[in-house]
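Input: a single structure, listed below in structure tokens.
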Amino acid sequence: MKIGLYVHIPFCHSKCYYCDFLSFPNKGQEEIYVDALVKEIQHYGLKVRGLHTIGSLFIGGGTPTVLPPFLLDCVLEAIRLNFDIEEDAEWTVESNPGTILEEHVESFKKNGVNRVSLGLQAVQNHQLKQIGRIHIFEDWKRSIMLLRNHGMTNINTDIMFALPNQTMEEWQDTVETMIAYELPHISAYSLIIEEGTVFGKKYEEGTLKTIDEETDRQMYTFVKERLKEAGYTQYEISNWAKDGLNCRHNELYWECGFYLGLGLGAHGYMDEIRYHNTVVFNDYLTAKGQPDKLVTERETITPKIAMEEYMFLGLRMLKGISIGEFYKKFGVSIFEIYREPIEKWMKEGILIHNKDRLFLSEQGIDLSNQVFVSFLLD
Ligand code: SF4
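Here the sequence shown stands for residues 1 to 378, numbered as in full-length UniProt numbering.
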């Protein structure tokens, strides 16, 4: 069976003010981390080789490219040597402007990495500063140039709207810049204030000036319409691609496919079990790659949970979900399980039924959270 592979690198130069991902500044621990990670890679390689091939890979974080090139190369090479990777596999490395070196890119090419996802967020340096990013816009330009000069053209850039004090003009400028650079893939997210982050604390104190909901929606509408005009296809609530260059690894998540998750705090989903690795750094190191010691939680995905996930992950995609596939997967008609919410949302023009597919309408995309909740089963 074809599965996905996610590998987590938890280091960043410093913490962005909105970030609640499992990441922290490195304090000279990269080498011991990579040592433990390679052991975990070898362990899983032995376990799945011959049974599964890898169709998509994602090295995320954190910022994988804060690892010195020789260490990131160790990780990439261990993956390449220990798994059966499909010839046409999509292999993404996440990165941030100003952290990619020529040697990183050479290692990408040597090992088969063919996609890079860059976090930019905004093109105004004062905006980048006020959200705690370490880079300036010019660093992003340099990273793009470096990648393209080495023939790496499948590049995503993440941008963010509803930043504190962000004006509509600034957001438009960010979107227009992405279009001008002819990126094949753009992810645009609305800022979410998470508890425990610098912004979360400021919000609680009442010192963070957030954007009102109406402006947030206007910003979303702008990016949606403008990217469509510019020839991008929106294939998920927050993702746009040209020439069919959708992120296949994310599509695997939204289609509830199986994947291995390796590294600190990573989670995987295999054989109806979702598992979570420890988030405690020292525990990760002492487990030395042995899943029995690394995995702190195993959850059996019952048919009920699987149906719920199939609905709310699948409906994130603009193509929606397949009615036939639902029947094949669960042995029951989708209408038997979800008649009520499906009829309600269809009547309101939120959900569209066309042949084998159910998908959100334009209006439905704006109300997606309400729709998703309605597919939770008692
Ligand atoms: S670079 Fe990404 S992972 Fe690192 S702190 Fe910033 S948002 Fe979080």
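For each residue, glycine too, the CB sits at the ideal point set by N, CA and C.
C-alpha gap between residue i and residue j, whole angstroms
i    : j    : result
G324 : L358 : 11 Å
D20  : G196 : 7 Å
I186 : I237 : 12 Å
F326 : S368 : 20 Å
E103 : Q127 : 30 Å
Y284 : N165 : 40 Å
E176 : A230 : 10 Å
F137 : K129 : 11 Å
R148 : D139 : 14 Å
D173 : I179 : 10 Å
Y338 : D216 : 31 Å
P64  : M346 : 43 Å
E340 : S117 : 40 Å
M168 : D366 : 19 Å
V66  : C16  : 15 Å
E94  : G119 : 8 Å
H52  : I59  : 19 Å
R80  : A36  : 17 Å
R316 : W254 : 7 Å
G206 : L191 : 17 Å
K224 : K47  : 43 Å
V75  : N354 : 44 Å
L57  : K228 : 28 Å
G331 : I305 : 15 Å
N250 : I100 : 23 Å
K328 : D378 : 22 Å
N125 : E170 : 11 Å
Sequence-distant residues of its chain with Cβ nearer than 8 Å to residue i (five each side left out)
i    : result
I273 : R298, E299, T300 and I301
E309 : C256 and I301
P10  : L22, S23, F24, Y33, G61, G62, G263, L264, G265 and F281
Y189 : D158, I159, M160, F161 and S238
L71  : E30, E31 and V34
S14  : P25, G132 and I134
I193 : Y18, F199, G200, Y203, L208 and T210
T286 : K293
V38  : C74, V75, A78 and G289
S361 : G349, I350, L351 and I352
F222 : M168, W171, Q172 and V175
Residues near residue i in its chain [Cβ-Cβ closer than 6 Å; skip 5 each side]
i           : result
residue 411 : For residue 411 there is no data in the structure shown, the boundaries of the chain being 1 and 378.
Y232        : W240 and K242
Y220        : none
G261        : Y6, H267 and G268
F83         : G45 and I54
T73         : First, the amino acid is wrong: residue 73 is Asp here, not Thr. Answer for D73: S107, listed in chain order.
F312        : F372 and F375
R226        : V175
E348        : none
H43         : G289
Y181        : none
I342        : none
K27         : none
D212        : none
R248        : S56 and E90
Identity of the residues DSSP links to residue i by a beta bridge
i    : result
Q121 : I159
I3   : I54
P64  : For P64, which the question treats as bridged, DSSP gives no partner whatsoever.
R357 : S322 and N354
F11  : F24
L262 : V7
R274 : Y269 and E299
H185 : N156 and A241
I59  : V7 and V93
S190 : F161
Sequence-distant residues of its chain with Cβ nearer than 7 Å to residue i (five each side left out)
i           : result
D356        : S322, I323 and G324
L318        : Q234, Y235, E236 and F359
residue 396 : In the structure as shown, the chain begins at 1 and stops at 378. Residue 396 is therefore absent and cannot be evaluated.
V123        : F137, D173, T174 and T177
M152        : V105, F108 and V116
Q121        : L128, I131, R133, D158, I159 and M160
P303        : F330
Q218        : M168
Check: Along the chain, which unbroken stretches of the beta strand (DSSP E) at least 3 residues long are found entirely within the stretch 139-174?
Finding: Complete beta strand (DSSP E) runs here, min 3: 155-161.
Notebook entry, point to check: Where are the alpha helix (DSSP H) runs, 4 residues long or more, that stay fully inside the stretch 299-329, in chain order?
Noted result: Runs of the alpha helix (DSSP H) inside the stretch 299-329: 303-314.
Checklist line | Secondary structure, alpha helix (DSSP H): runs of 4+ residues fully inside the stretch 206-254 | finding: Listed in chain order, the complete alpha helix (DSSP H) runs (minimum 4 residues) inside the stretch 206-254 are 213-229 and 248-254.
Margin query: So if I measure from each beta-carbon to every heavy atom of the ligand SF4 and keep distances below 6 Å, which residues remain?
Written below: Proximity to the ligand SF4 was defined by a C-beta distance below 6 Å to any of its heavy atoms, and the residues meeting it, in sequence along the chain, are C12, K15, C16, C19, F21, S23, G61, G62, T63, N96 and G119.
Notebook entry, point to check: Which ranges would you report for the beta strand (DSSP E) in the stretch 78-132 if only whole runs of at least 3 residues count?
Noted result: Note on the stretch 78-132: whole beta strand (DSSP E) runs with a minimum of 3 residues are 85-95 and 115-121, in chain order.
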